[in-house]
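Under UniProt numbering, the sequence shown is numbered contiguously, ending at residue 261.
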Amino acid sequence: MKADQGLYIFFLIWYGCGVILLSFDLLPAWLEWANVVFLIVAGTLGGVYFHHTYGPRTGFILSAAVVLLSIFIEFLGVEYGIMFGDYYYTSDFGPQLLGVPIAIGFAWLMVMAGSHAIMKAIWPGAPLLLFSTAGALLAVMIDLILDPVAYKVKAYWVWTADSFYYNIPFSNFAGWFITAFILHLLIGTAGKKKYARSVRWQNRAVMVYFLVFAMFVLLAAIDSLWLAVTFSLTPAVLVLTGYIFSIKRGSHDRSPQKQVV
Numbered sequence: 001m002k003a004d005q006g007l008y009i010f011f012l013i014w015y016g017c018g019v020i021l022l023s024f025d026l027l028p029a030w031l032e033w034a035n036v037v038f039l040i041v042a043g044t045l046g047g048v049y050f051h052h053t054y055g056p057r058t059g060f061i062l063s064a065a066v067v068l069l070s071i072f073i074e075f076l077g078v079e080y081g082i083m084f085g086d087y088y089y090t091s092d093f094g095p096q097l098l099g100v101p102i103a104i105g106f107a108w109l110m111v112m113a114g115s116h117a118i119m120k121a122i123w124p125g126a127p128l129l130l131f132s133t134a135g136a137l138l139a140v141m142i143d144l145i146l147d148p149v150a151y152k153v154k155a156y157w158v159w160t161a162d163s164f165y166y167n168i169p170f171s172n173f174a175g176w177f178i179t180a181f182i183l184h185l186l187i188g189t190a191g192k193k194k195y196a197r198s199v200r201w202q203n204r205a206v207m208v209y210f211l212v213f214a215m216f217v218l219l220a221a222i223d224s225l226w227l228a229v230t231f232s233l234t235p236a237v238l239v240l241t242g243y244i245f246s247i248k249r250g251s252h253d254r255s256p257q258k259q260v261v
């Protein structure tokens with residue numbers, strides 16, 4: 001079995017165990033590190049997607065750039081309140097770099113890989129600016145459920161603001177959009193001539209994206225965060241429907257684009 005295949009299977013097993021433990025509130029305090037491992041593995045799978053899509057060298061460079069740039073941008077938010085608003089991370093979210101949990105960089109890598117894979121299926125020929133805009137909106141979509149759960153339920157970070165949406169300021173979502181837009185521009189520009197569609201890993205990147213999304217929806221529902229569930233689940237159903245339709249349509253596509261299965 002290839003290492004990347006084994007990692008994907010490991011993620012699915014870890015995910016299944018995590019959903020059970022979190023749903024029934026069975027996760028002991030000493031096992032909180034499992035959440036950090038979960039995000040790092042999910043992000044690493046995003047890196048595997050870029051590896052198969054852009055080749056080993058370019059894929060690694062793009063993945064490293066996403067992790068490091070997202071951590072740096074998060075550092076600007078934590079230290080100076082730039083982009084996302086006033087917030088700070090707790091000490092319960094694993095090792096940190098520049099005051100930002102390393103797992104956050106991998107979470108960004110998962111989000112970027114998933115949104116990139118979705119867009120490459122739904123709108124593969126989109127101009128870079130439109131592709132990056134739509135991809136950034138997909139990043140905001142998952143944050144609509146991720147942030148309320150991570151803040152209100154898990155207390156991974158703390159906001160020092162007031163707003164109708166669980167006291168999460170609008171600037172946070174604007175920051176997510178801008179950050180994801182910049183990262184999509186970077187990926188699209190640097191990997192333009194290297195792209196070769198990998199059907200298997202495109203589907204797996206999307207699967208990881210929506211599995212993480214579904215887990216946070218479940219946790220939000222358990223804690224009655226119905227506004228977050230509604231705001232995120234409605235567009236997610238439309239996006240997933242569009243992706244499934246695009247995949248079915250693509251199975252009949254005889255274009256000369258390289259496909260790796």
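Glycine is no exception: its CB is placed at the ideal position from the N, C-alpha and C atoms.
Inter-residue Cα distance where the pair is D223 and V153:
7 Å
Between the Cα of L128 and those of Y15, I73 and K192, spot the shortest distance and give me the residue it belongs to.
K192
How do the stretch 102-113 and the stretch 61-76 stand: do at least 3 beta-carbon pairs fall below 8 Å, yes or no?
yes
Please classify R57: is it buried, with 16 or more other beta-carbons within 10 angstroms of its beta-carbon, or exposed?
exposed
Specify whether the stretch 73-85 and the stretch 169-184 touch according to this definition: at least 3 beta carbon pairs, one from each stretch, less than 8 Å apart.
yes
Residue range of the beta strand (DSSP E) that W159 falls in?
W157 to W159
Through-space distance from V19 to A221, alpha-carbon basis:
13 Å
Quick check: the Cα distance between C17 and G46, rounded to an integer number of angstroms?
21 Å
Look up Y209 in the DSSP assignment and say whether it is helix, strand or coil.
helix
Taking the DSSP output, what are the residues bridged to L97?
V100
Within 8 Å, do at least three Cβ pairs link the stretch 158-165 to the stretch 121-140?
no
Close beta carbons around F216, own chain, < 7 Å, minus the five adjacent residues each side:
I145, L146 and V149
Are the CB atoms of L62 and Y54 nearer to each other than 8 Å?
yes
Check whether the Cβ atoms of R197 and Y8 sit closer than 8 Å, and answer yes or no.
no
Pick helix, strand or coil for Y88, following the three-state DSSP scheme.
strand
Would you list, in sequence order, the uninterrupted beta strand (DSSP E) runs of no fewer than 3 residues that lie entirely inside the stretch 137-171?
157-159
Using 8 Å for Cβ pairs, my map puts A139 next to W176. What's the rounded Cβ distance?
6 Å
Buried or exposed (CB count within 10 angstroms, at least 16 for buried), K258:
Any reading at K258 needs caution, since the residue's pLDDT is 44, under 50, leaving its predicted position unreliable; the model's value is listed next. Looking at its Cβ environment, which holds fewer than 16 other Cβ atoms inside 10 Å, K258 is exposed.
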